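*Asks:* This note's numbering puts the first residue of the sequence shown at 9, with every later residue one more than the last.
Mind having a look at this structure? Questions to follow.
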Amino acid sequence: MYPETMIAPAVEKTTGIFHPAPLATLRPDSGAMFELYLCMPVRWGHRYILYKAADLEFTEKKRLELLENGVKTLYVREEDAGVYYEYVDRTIGQVLASEHIPPQEKSRVLYETSQSLVKSTFERPDSPLLLSTNQKVVTRTVSAIAGEPAMLRTMVSLFAFDYSLYTHSVHVSVIGSGLLLETGDYRNEDIRDIAMGYLLHDIGKSRVPSEIVRKPGLLSPWEIKQMEQHPDHGVGLMQHQEVIRPQAIEVIRTHHELMDGTGYPRHLTGTSIPLETRICSVADVFDALTSHRVYKPALTGYQACRQMLDRMSNKLDDEILHLLIHRLGPNAKRAVG
Ligand SMILES: [Fe+2]
Ligand SMILES: [Fe+2]
């Protein structure tokens, strides 16, 4: 499957615990001084093979070679995971601080890295290291949006139209953070803590059978019951993780409750649903409507807001909905004006 030249001279075949290191998180020539492995399918499962030794640089040539061969993810050994996650945070810091990198590119790096980290987190929701790296990236995203209001629109303009659970999680966290900032009632640290709940609001879906989560079209009553357990599964997965604060747990627990009591699992109503959750619901519905699914085309931002105003005004917080319309404005790709 992989050409011989792609494998470093000292080939090491090994098994053990590995963390995914998506290419989107590896910037060429930026000091990725840790071993990187390829995951190779074999008859009895898969095997990890050394691709890059720790003392070799990860170059643009290597990156392109991997992409040409359809490889989107390399892996790091458990022992190197700490070094790798520190590298991810450091690299983003350097990108954001650089005067030579345009805002569009900065947003792209933040977006792609967040997405990759969320994907890894869905695979390993029990990793405190991964969660604290997510938190660092969320902190950087919140400061970027708070420091430069145009950044929110730039990020939204990059959002993928095709729905995936991972991009959806990042979209909800970015839009939700922008709305929290817009209220003017939250400090950046609080926004960071709440945004972790937005990022991981659907993490409980990692405990629902994937045939149900991925099923296009209508679910059977039994499947709906399984799916409706994902908020509580999410709480179970996250409640003992140190970086996940109580506000984030509340968001995960209540993110499918609706103002008119028709939500689940507790049928809460009105302001008994926390404001942070009402913000999450608006971002969640907006992203779902503006994403393309196999069974429905994506609505434009305008159509989505119209539909939310016309058909969901008793289910969503009206003030938050107007805040969204005001905040995203007419120029974003998912423009609402
Ligand atoms: Fe959900
Ligand atoms: Fe969601």
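The C-beta atom is built at its ideal place from N, Cα and C for all residues, glycine as well.
In this text the structure is predicted, and so the values were computed from the model without any measurement.
Per DSSP, F26 forms a beta bridge with which residues?
*Replies:* Here residue 26 refers to the residue found at position 18 of the sequence shown. The partner list for F26 (beta bridge, DSSP) reads R85.
*Asks:* When the Cα of E284 is compared with those of K323, G205, H275 and G244, which residue comes out closest?
*Replies:* Along the sequence shown, one-based indexing puts residue 284 at 276. Ranking the options by Cα distance to E284, first place goes to G205.
*Asks:* Answer yes or no: do Q315 and L331 have a C-beta to C-beta separation smaller than 8 Å?
*Replies:* Within the sequence shown, the letter at position 307 stands for residue 315. Within the sequence shown, the letter at position 323 stands for residue 331. No. Outside cutoff.
*Asks:* Is it buried or exposed, R51, if we count other Cβ atoms within 10 angstroms and call 16 or more buried?
*Replies:* Within the sequence shown, the letter at position 43 stands for residue 51. Flag for R51 reads exposed.
*Asks:* Pull every residue with its beta-carbon under 6 Å away from any heavy atom of ligand 1, and keep them in chain order.
*Replies:* Those residues are H209, D210, H238, H263 and H264, given in chain order.
*Asks:* Can you determine whether any heavy atom of ligand 2 sits closer than 7 Å to the C-beta of H176, and answer yes or no?
*Replies:* By one-based count along the sequence shown, residue 176 stands at place 168. At least one heavy atom of ligand 2 is nearer than 7 Å to the Cβ of H176, so yes.
*Asks:* Are the C-beta atoms of F26 and some chain B residue less than 8 Å apart?
*Replies:* Note that chain B does not occur in the displayed structure, where there is just one protein chain.
*Asks:* Confirm, please, whether the CB-CB distance from I153 to L208 is below 8 Å.
*Replies:* As a first step, residue 208 is located in the sequence shown; it is residue number 200 there, counting from the start. As a first step, residue 153 is located in the sequence shown; it is residue number 145 there, counting from the start. It is not a contact, given that the beta carbons lie outside the stated cut-off.
*Asks:* Could you tell me if A62 is buried or exposed, where buried requires 16 or more neighbouring beta carbons within 10 angstroms of its beta carbon?
*Replies:* Start at 1 with the first residue of the sequence shown, and residue 62 comes out as number 54. Burial call: exposed.
*Asks:* Give the straight-line distance between the Cα atoms of G155 and I57, rounded to the nearest whole angstrom.
*Replies:* The residue given as residue 155 occupies position 147 in the sequence shown. The residue given as residue 57 occupies position 49 in the sequence shown. Approximately 43 Å, taken between the alpha carbons.
*Asks:* For the beta strand (DSSP E) containing M48, name the first residue and the last one.
*Replies:* One-based indexing of the sequence shown puts residue 48 at position 40. It spans L44 to V50 - the beta strand (DSSP E) in which M48 sits, taken as one unbroken run.
*Asks:* Between which two residues does the alpha helix (DSSP H) holding I57 run?
*Replies:* Along the sequence shown, read from residue 1 onward, the residue named residue 57 stands at position 49. Per DSSP, I57 belongs to no alpha helix (DSSP H); it is in the beta strand (DSSP E), G53 to K60.
*Asks:* Can you tell me whether S289 is buried or exposed? The criterion is at least 16 other CB atoms within 10 Å of its CB, across all chains shown.
*Replies:* Position 281 of the sequence shown holds residue 289. S289 comes out buried.
*Asks:* Please go through the same chain and pick out, in chain order, the residues whose beta-carbon is closer than 8 Å to the beta-carbon of F169, but skip the five residues on each side of it.
*Replies:* Counted from its first residue, the sequence shown places residue 169 at position 161. Around F169: T298, S299, H300 and A306.
*Asks:* Below 8 Å on the Cβ atoms is my guess for E231 versus I220; work out the distance and round it to an integer in Å.
*Replies:* Taking the first residue of the sequence shown as 1, we reach residue 231 at position 223. Taking the first residue of the sequence shown as 1, we reach residue 220 at position 212. That pair is a contact at about 5 Å.
*Asks:* For L317, I'd like the list of residues in its chain whose CB is within less than 7 Å of its CB, leaving aside the five on either flank, ordered along the chain.
*Replies:* Sequence index remark: in the sequence shown, residue 317 carries index 309 (1-based). So the list reads L329, once near-sequence residues are dropped.
*Asks:* Using DSSP's beta-bridge definition, name the partner residues of R301.
*Replies:* Your numbering for residue 301 matches position 293 in the sequence shown. DSSP, once it has assigned bridges, lists K304 as partnering R301.
*Asks:* Within a Cβ cutoff of 6 Å, which residues of the same chain sit near Q123, ignoring the five residues on either side of it in sequence?
*Replies:* Position 115 of the sequence shown holds residue 123. Closer than 6 Å at Cβ, skipping near neighbours: Y174, T175 and V178.
*Asks:* Using a Cβ-Cβ cutoff of less than 8 Å, which residues in the same chain neighbour Y272 once the five nearest sequence positions on both sides are dropped?
*Replies:* Within the sequence shown, residue 272 is the residue found at index 264, counting from 1. Cβ within range, chain order: E236, P239, H264 and E265.
*Asks:* May I have a chain-ordered list of the alpha helix (DSSP H) segments no shorter than 4 residues that lie completely inside the stretch 136-192?
*Replies:* With a minimum length of 4 residues, the continuous alpha helix (DSSP H) runs that stay inside the stretch 136-192 are 136-155, 158-166 and 173-191.
*Asks:* What does a CB cutoff of less than 6 Å around K323 pick up in its chain, not counting 5 residues either side in sequence?
*Replies:* Residue mapping note: residue 323 aligns to position 315 of the sequence shown, counting from 1. So the qualifying residues of the chain are L266, M267 and D268.
*Asks:* Return yes when the Cβ of T121 is within less than 8 Å of the Cβ of A32, no when it is not.
*Replies:* For the purposes of this step, residue 32 is taken as the residue at position 24 of the sequence shown. For the purposes of this step, residue 121 is taken as the residue at position 113 of the sequence shown. Yes. Within cutoff.
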